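When you number the sequence shown by my numbering, it's gap-free, plus one each residue, and the end is 632.
Beta carbons: idealized from backbone N, C-alpha and C, even for Gly.
Keep in mind it's a predicted model, so treat the numbers as computed, not measured.
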Amino acid sequence: MQRRFVTTRRDKTGLPPGTPIHVGSRPTDPVRFTVFQYGPDSCTEHSPPDAAACTAIERNAPITWINVDGVYDVTAVTQICSALGVHPLVQEDIVNTDQRPKAEDYGSYLYVVLRMLRSLPNGDPAGTPAIVAEQVSLIVMEGLVVSFQEHEGDVFEAVRERLRSGKGSVRRKGPDYLAYCLMDAIVDHYFILLEHIEGRIEPLEEAVVSDPNSDAPRAIQALKRDLLVLRRTLWPLREMIYRLSREGAGAITDDTRVFMRDLYDHVIHVIDLIETFQELAAGTMDIYLSSISNRMNNIMKVLTIISTIFIPLTFIAGIYGMNFSNMPELEWRWAYPVTLAGMAAIALVMLRFFRKKGWI
């Protein structure tokens, strides 16, 4: 079973603060480094072979963006962070992938933690897509943005294309605007996930009504679990974006703060959608339980009617099943067919009565 809320921390137990120990999944892919160096009129892109090559890059462009895929390589992370003068506690948080979204201003740089969510097809044995969270850490300083991801693959390709093509304002603005673009790409992907979730709700609502004995409860539970993961990610993100948009930070300019306020509105919108979908999921489960209850009530009603019809028939059969020696009816030639006809008449009268009452 996948761990969603608690991450094993055995390796960190008893260690002093600021000791970088990787906590989280360890992929098999090698660590990958990507560097963008750009300004208003140019953009270059290359992939250094290791962390040492990243730290040796000449920052001869106005803005440099270093992206690291694979924080499980603690040595590479600490090598880059130490060269930039990043605090040991920040280095510890980068490789500990169980952090909640937050922003910390260290004066010369801003440290931001985000949760990037993606949908995996066939996430469970029933084939239901599962939402997985990946930690993304950003270090924003003068002329430089460094992003750390757990795995290769992200939602930043649109930002990279804007850098390559020069579309938009990203190449004309500072590193704080690039950090905003990365955060905006993550939040925009939340809307895509919610579209997929909305597409899962309608079939469930139809299934619980038309076929209450289906696998709808398992699908509803998976849906509620994914919504809980989203909500757990969005609540601290809302607080963090609010701080960056209102209170400000040394690395965030007033111009970028305006965009942060727009991003905050997007986060609020996502939270509202999540709450709506949570109510729909709860309502769908209520519909399922009501359908099961109604189905059981109908079964019990049929069984009760059958039992009620057989009560007088059983009574008659019981009387003539007694072994008394003096029962004149037993000697009558037409006793058996008359008894059967009477029992059939009683059953028909009772059925007619039940139908008239609307019970069947």
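Cα separation between residue i and residue j?
i: valine 367; j: methionine 413; result: 20 Å
i: valine 542; j: alanine 325; result: 40 Å
i: isoleucine 492; j: asparagine 339; result: 37 Å
i: threonine 528; j: leucine 500; result: 31 Å
i: serine 565; j: glutamate 406; result: 41 Å
i: aspartate 377; j: glutamate 547; result: 31 Å
i: phenylalanine 596; j: lysine 573; result: 37 Å
i: valine 303; j: aspartate 341; result: 6 Å
i: arginine 627; j: histidine 538; result: 58 Å
i: proline 397; j: aspartate 483; result: Per-residue confidence for proline 397 stands at a pLDDT of 47, beneath the threshold of 50, marking its modelled position as unreliable; the derived number appears in the next sentence. The straight-line gap from Cα to Cα measures roughly 21 Å.
i: leucine 561; j: threonine 576; result: 22 Å
i: lysine 374; j: serine 437; result: 31 Å
i: alanine 323; j: glutamate 330; result: 14 Å
i: tryptophan 631; j: alanine 488; result: 30 Å
i: leucine 435; j: phenylalanine 308; result: 8 Å
i: glycine 614; j: arginine 567; result: 34 Å
i: isoleucine 583; j: isoleucine 618; result: 11 Å
Determine the closest residue to residue i out of the options, with distance taken between C-alpha atoms.
i: tyrosine 344; options: Ser297, Trp631, Arg372; result: Ser297
i: alanine 616; options: Glu601, Ile588, Trp604; result: Ile588
i: glycine 381; options: Leu545, Lys439, Cys315, Thr525; result: One point to set straight first is that residue 381 is tyrosine, not glycine, in the sequence displayed. Nearest of Leu545, Lys439, Cys315, Thr525 to tyrosine 381, Cα basis: Thr525.
i: arginine 533; options: Cys453, Gly415, Ile411; result: Cys453
i: histidine 446; options: Pro312, Ser419, Gly555; result: Histidine is not the amino acid found at residue 446; the sequence shown has glycine there. Out of Pro312, Ser419, Gly555, Pro312 has the C-alpha closest to the C-alpha of glycine 446.
i: lysine 439; options: Ala613, Ser314, Ala348; result: Ser314
i: glycine 415; options: Met594, Asn569, Pro609, Ala523; result: Ala523
Output the boundary residues of the alpha helix (DSSP H) element that contains residue i.
i: alanine 323; result: 323 to 327
i: lysine 374; result: It is not in any alpha helix (DSSP H) - lysine 374 instead sits in the beta strand (DSSP E) that spans 374 to 377.
Which residue marks the beginning of the beta strand (DSSP E) containing residue i, and which one marks its end?
i: tyrosine 310; result: 304 to 310
i: phenylalanine 428; result: It is not in any beta strand (DSSP E) - phenylalanine 428 carries neither H nor E in the DSSP assignment.
i: alanine 402; result: 402 to 413
Using a threshold of 8 Å, state whether the C-beta atoms of residue i and residue j are closer than that.
i: serine 319; j: threonine 306; result: yes
i: serine 563; j: valine 481; result: yes
i: leucine 356; j: proline 289; result: no
i: leucine 389; j: valine 417; result: no
i: methionine 622; j: isoleucine 578; result: no
i: isoleucine 403; j: valine 427; result: no
i: arginine 443; j: tyrosine 310; result: yes
i: glutamine 371; j: threonine 350; result: no
i: leucine 545; j: leucine 466; result: yes
i: glutamate 424; j: aspartate 301; result: yes
i: glutamate 422; j: threonine 369; result: yes
i: aspartate 456; j: leucine 386; result: no
i: isoleucine 540; j: arginine 510; result: yes
Assuming the contact rule is C-beta atoms closer than 8 Å, residue i and residue j should be a hit. Round their C-beta distance to whole Å, please.
i: alanine 553; j: leucine 495; result: 5 Å
i: glutamate 477; j: isoleucine 559; result: 7 Å
i: histidine 294; j: valine 346; result: 5 Å
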